[in-house]
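Residue numbers (my numbering): 1466 to 2094.
The beta carbon of each residue, even a glycine, is placed where N, CA and C say it ideally should be.
Working notes, beginning with the structure itself.
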């Protein structure tokens, strides 16, 4: 895993200072070496975390022998050995044992579309074809690795980190109101947007093609998770195929010339990865877990699995001293990011840093196999709509209400299914953690309402139209891959790990496994009205027979209590005049103070919303925005 940077000058703009500062910023993403190169108007730079071919032969930027093509690459190509064999059979000569060189020869042999169709991995890379005068920026299918870019009349620049771009073009960068509104609703910034209007990310499963002469560029998708015919499988057959595909995905991600470890939360997803990894490696797997001091957590569950597979296990207890990392994280995140589980995740990666370079995670299991309550709600709604024709639904709802009262039944009913079917897309995708539309109306000043409120809902509606493709529970899950997973969970794990020079690989986000999972009949994901039913069946055999009954906890902290305790002074300042939020001019001071008092008094739980505002306030100060400069 590495950091990449580069640019193209159109008006003789000198990009040397941009490259130098960017390489310094990227040193944590690649502490094992750095390199830069200039070829005419094109600059390329790279910082290296050496995982494959640890020798100097793997240094980047890398060029073919004739220097017709150059590349700077961040990521891992899991099938590079097979691709290398195919290319050698076609007469290509290799000078290293890296997957980077496969990109060079693969592009020359198959072209960009042919190369991307063959790549199995996670990646972000820039490839320059000097002969054709073209620059490609490419990102993997799920957006695991970041890649930002900026274009004006003088230059085109790109980087794994937003910060160098902002510093180099600070005078041109302005806050993106749409991104800000989305951040307050979903606690993260929506990709391919960034917090700045003038900076964008390359979209997942897409490449950007820039003409070096004219400066014109276009974006093109190279893969899409489209609906396919459902598989006709029994539960037993599905379980067998799932185990096989997940095992293959785990084996692929052991490709490295350094040791491989694993996160272990004690839950289903990471538990299965640890179980299958332990059955793959000849040596004991190194596992790492985090819990919260004095809180109910998954550490005991993690220990059970660690003992079963004789892993080399390490635990970390999170305490309020985690907030000591906050300033560092806000500086290096690049954008406001309000998922509080970043703090224990970062500290856990810090614990692993220096001991390992590669670690596997369970990210993606919930998105593929129905791990969230809203997925189950959507599934039940699909069943309701399929079972009852439109004319019969009113009668079915009324009859169900009568029976529920007679039997004193609680929980979901057909009325809730009918109501869910009427929801707008953004209401189905909204996680109810940040500010709702009504809450943002109360929060914004009258002058900000017209410019801001409702923008986030439009983003979610657009995502739904692009990815839901027929709607229903499958559409909700596909869209979640491009919203919740992309903007929050993958950003969190990339930054937490790479700021500690650690590479995280996600077996559940294997292309073959993802495409297979989205062909499963929904009944296998939600058997007997249970979330992740199929995955739990497998976990009972491979992880722990009692795992089905455990509640989902994950890497969380008692945010509500800590905001009332150690962070109380910072929270009290949110609504005061003179702060960054005040100078931004978007928020009612009275609304902020009301929210603060409600939470501190224990009258309401505004933990996630106050955390989002606190992070935004600190980010504005550190980045000298919002009128504070």
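- Residue range 1565-1583 is occupied by the alpha helix (DSSP H) that includes residue 1565, with no beta strand (DSSP E) assigned at that position.
- Residue 1777 has 1751 as its beta-bridge partners, per DSSP.
- A distance below 7 angstroms between beta-carbons, with the five flanking residues on each side excluded, links residue 1718 to the following residues of its chain, in chain order: 1543, 1825, 1970 and 1972.
- Under the rule that a run must span 3 or more residues, the beta strand (DSSP E) segments found entirely inside the stretch 1483-1548 read 1499-1504, 1507-1513 and 1534-1542.
- Around the beta carbon of residue 1610, a 10 Å sphere encloses 16 or more other beta carbons of the protein chains shown; the residue is thus reported as buried.
- The C-beta distance from residue 1960 to residue 1798 rounds to 6 angstroms, short enough to meet the 8 angstroms contact threshold.
- Counting only residues of its own chain and dropping the five nearest sequence neighbours on each side, residue 1596 has a CB closer than 6 angstroms to the CB of 1533.
- With contacts defined as CB atoms closer than 8 angstroms, residue 1996 and residue 1841 qualify as a contacting pair.
- Pairwise C-beta distances place the stretch 1488-1504 out of contact with the stretch 1547-1555, as fewer than three of them are shorter than 8 angstroms.
- When DSSP assignments are scanned along the stretch 1792-1864, the uninterrupted stretches of beta strand (DSSP E) that are 3 or more residues long and fall wholly within it turn out to be 1823-1825.
- Proximity of the stretch 2006-2013 to the stretch 1718-1737 meets the contact definition, three or more beta-carbon pairs being nearer than 8 angstroms.
- Residue state for residue 1633 is assigned as helix, using DSSP reduced to three classes.
- In the three-state DSSP reduction, residue 1469 falls in the strand class (E or B).
- The C-alpha of residue 2032 lies about 10 angstroms from the C-alpha of residue 2079.
- With a contact defined as Cβ atoms closer than 8 angstroms, residue 1667 and residue 1602 qualify at about 5 angstroms.
- Taking every protein chain shown into account, the CB of residue 1860 has fewer than 16 other CB atoms within 10 angstroms, so this residue is exposed.
- If you check the CB distance, residue 1968 and residue 1581 do not come in under 8 angstroms.
- Around the beta carbon of residue 1822, 16 or more other beta carbons lie within 10 angstroms, which makes this residue buried.
- Each of 1755, 1576 and 1743 was checked against the Cα of residue 1811, and the nearest Cα belongs to 1755.
- Taking a cut-off of 8 angstroms on C-beta distances, the stretch 1849-1859 touches the stretch 1878-1887, as three or more cross pairs fall below it.
- Looking at the DSSP output, residue 1624 sits in a beta bridge with 1470 and 1613.
- Residue 1933 and residue 1587 have their C-alpha atoms roughly 24 angstroms apart.
- Boundaries of the alpha helix (DSSP H) harbouring residue 1646: 1642-1651, taken from the DSSP string.
- Between residue 1614 and residue 1607, the gap from beta carbon to beta carbon reaches 8 angstroms or more.
- A residue is called buried when at least 16 other Cβ atoms come within 10 angstroms of its Cβ; residue 1694 does not meet this threshold and is exposed.
- With a contact defined as Cβ atoms closer than 8 angstroms, residue 1783 and residue 1729 miss out at about 15 angstroms.
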